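K.L.:
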Amino acid sequence: MASSNLGWRELPYAALPASIDDRTLQFTELPNAGRRVRLISGLRSATDVTRGEEPQLIGLFSPLHRHVLSENYTVILPSSHSKHVRASFGCIVDFTTVLTGKLFGLLTGTSTLANPADPGFATESFIAGVRESRDLGLSTALFKTRARIVLGSMPGSHAQAFLSGVLIGAELLTLAVGPSPPLVLAAGPDLAR
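First residue of the sequence shown: 1, per the numbering used here; consecutive thereafter.
Okay, here's the thing in structure tokens:
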């Protein structure tokens, strides 16, 4: 975000389609920073923007992994502002931003839905959250967190796992629309699990 309108120096967004290398992006050096600092521009589609994930994609599909670039695929970059990046033959052709992590942080930090007691991961509650999201939609499924605790069908210590399932389930439902290219999950071991 250092090159965004909220950062140190704004660089314009590069437009799609964009090659998955550094040819599409703009760079600038920050003079007098005390060390070499390079800012990188983001990407924009007709309806969305990204800044910060494009260098991850460049690294992910470095020359060591060029064989993957001959396909159509969707890269999932989970974070506070998760990205679903559609790529084809070495070019980013579209992407969608999903606020999964940001919503999880807000709901677990400032709402009555999440019980901070023992927020360990409960697989069965996570799966139940995914199912509720699929069957009921996001808003209704979110409140089921509270209802399950009050009605005694889920311990309060499982609330965060259930909420995580609801939010990730809703995010992944957006991928179920249209043709299904191969998915590439770009995440560290803990987040990927």
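Note that CB positions come from ideal geometry on N, CA and C, so glycine has one too.
Computed from a predicted structure; not experimentally measured.
Does DSSP classify R38 as helix, strand or coil?
P.N.:
Here R38 sits in strand by DSSP.
K.L.:
On a CA-only basis, which of A147, P155, G105, N72 is nearest G90? Give me that one, please.
P.N.:
With distances taken between Cα atoms, G90 lies closest to N72.
K.L.:
At the level of alpha carbons, what is the spacing between L103 and E29?
P.N.:
Each residue's alpha carbon lies about 34 Å from the other.
K.L.:
The alpha helix (DSSP H) that contains D190, what's its start and end?
P.N.:
Note, D190: alpha helix (DSSP H), 189-192.
K.L.:
So, do the stretch 117-134 and the stretch 81-89 have three or more beta carbon pairs nearer to each other than 8 Å?
P.N.:
With the cut-off at 8 Å, the stretch 117-134 and the stretch 81-89 do not touch.
K.L.:
Entirely within the stretch 83-157 and at least 3 residues each: give me those beta strand (DSSP E) ranges in chain order.
P.N.:
Complete beta strand (DSSP E) runs here, min 3: 91-98.
K.L.:
Tell me which residues share the same chain as H158 and place their Cβ nearer than 6 Å to its Cβ, disregarding the 5 neighbours each side in the sequence.
P.N.:
Taken in chain order, the residues that qualify are A122, S125.
K.L.:
Assign L16 to one of three DSSP states: helix, strand, or coil.
P.N.:
Coil, per DSSP.
K.L.:
Within a Cβ cutoff of 6 Å, which residues of the same chain sit near W8, ignoring the five residues on either side of it in sequence?
P.N.:
Taken in chain order, the residues that qualify are A2.
K.L.:
E132 to T74, Cα distance in whole Å?
P.N.:
So the two alpha carbons sit approximately 25 Å from each other.
K.L.:
Taking just the CA atoms, how far does L142 sit from L185?
P.N.:
Approximately 25 Å, taken between the alpha carbons.
K.L.:
Assign T174 to one of two classes, buried (16 or more other C-beta atoms within 10 Å of its C-beta) or exposed (fewer than that).
P.N.:
Exposed: under 16 other Cβ atoms inside 10 Å.
K.L.:
Of all the options T108, Q160, L106, G105, which has the alpha carbon lying nearest to the alpha carbon of A128?
P.N.:
Cα-wise, what sits closest to A128 is Q160.
K.L.:
Could you tell me which residues DSSP puts in a beta bridge with V76?
P.N.:
Here residue 76 is Ile; the residue named in the question, Val, does not match the sequence. Bridge partners of I76: H84, L185.
K.L.:
Given this structure, state the Cα-to-Cα distance separating L25 from I58, to the nearest angstrom.
P.N.:
Cα-Cα distance, rounded: 11 Å.
K.L.:
Tell me which residues share the same chain as M154 and place their Cβ nearer than 7 Å to its Cβ, disregarding the 5 neighbours each side in the sequence.
P.N.:
Excluding residues within five positions, the ones whose Cβ falls inside 7 Å are S125, R148, F162.
K.L.:
Relative to the C-alpha of E53, which candidate in R134, R36, D21, R35 has its C-alpha closest?
P.N.:
That would be D21, whose Cα lies nearest to the Cα of E53.
K.L.:
Name, in chain order, the residues that DSSP records as bridge partners for F27.
P.N.:
DSSP output for F27 lists I40 as bridge partner(s).
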